[in-house]
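K.L.:
In this note's numbering, the protein residues as written are 13 to 99.
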């Protein structure tokens with residue numbers, strides 16, 4: 013009896029790893045998708061925490077420096093933060 017198994021494929025040039033089933037089709041384990049969802053949620057919490065702290069500091073500075081009140085209260089590039097978290 014022949015047992016067919018999943019195969020792990022590693023592309024060292026692109027640093028990508030993917031799985032193929034016994035028919036050669038790529039797939040992802042559902043546990044991996046759940047782990048990724050948890051990781052993304054944690055990254056959002058971390059990013060939000062630091063953004064909120066930074067904006068709080070900026071707001072305090074705006075109060076202390078009334079002459080710069082026309083300056084926007086948020087100077088944070090949110091897409092850049094997301095990119096940094098993914099890296």
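Backbone N, C-alpha and C fix where the C-beta goes; we use that ideal spot for every residue, glycine too.
In this text the structure is predicted, and so the values were computed from the model without any measurement.
Tell me the start and end of each unbroken alpha helix (DSSP H) in the region 29-83 that is at least 4 residues and wholly inside, in chain order.
P.N.:
The qualifying runs are 42-76.
K.L.:
Starting from residue 96 and walking both ways along the alpha helix (DSSP H), at which residues does that stretch end?
P.N.:
From DSSP, the alpha helix (DSSP H) with residue 96 extends over 90-98.
K.L.:
For residue 99, which option in 69, 59, 66 and 42 has the closest C-alpha, if you only look at C-alpha atoms?
P.N.:
Per the Cα distances, 59.
K.L.:
Using only alpha-carbon positions, find the residue among 53, 44 and 88 that is nearest to residue 65.
P.N.:
Closest option to residue 65, Cα to Cα, is 88.
K.L.:
Taking residue 23 as part of the beta strand (DSSP E), name the residues at either end of that continuous run.
P.N.:
Per DSSP, residue 23 belongs to the beta strand (DSSP E) from 19-23.
K.L.:
Would you report the Cα separation of residue 19 and residue 70, rounded to the nearest angstrom?
P.N.:
Approximately 52 Å, taken between the alpha carbons.
K.L.:
Our contact map puts residue 39 next to residue 31 with C-beta atoms below 8 Å; I'd like the distance itself, whole angstroms only.
P.N.:
Confirmed, about 6 Å.
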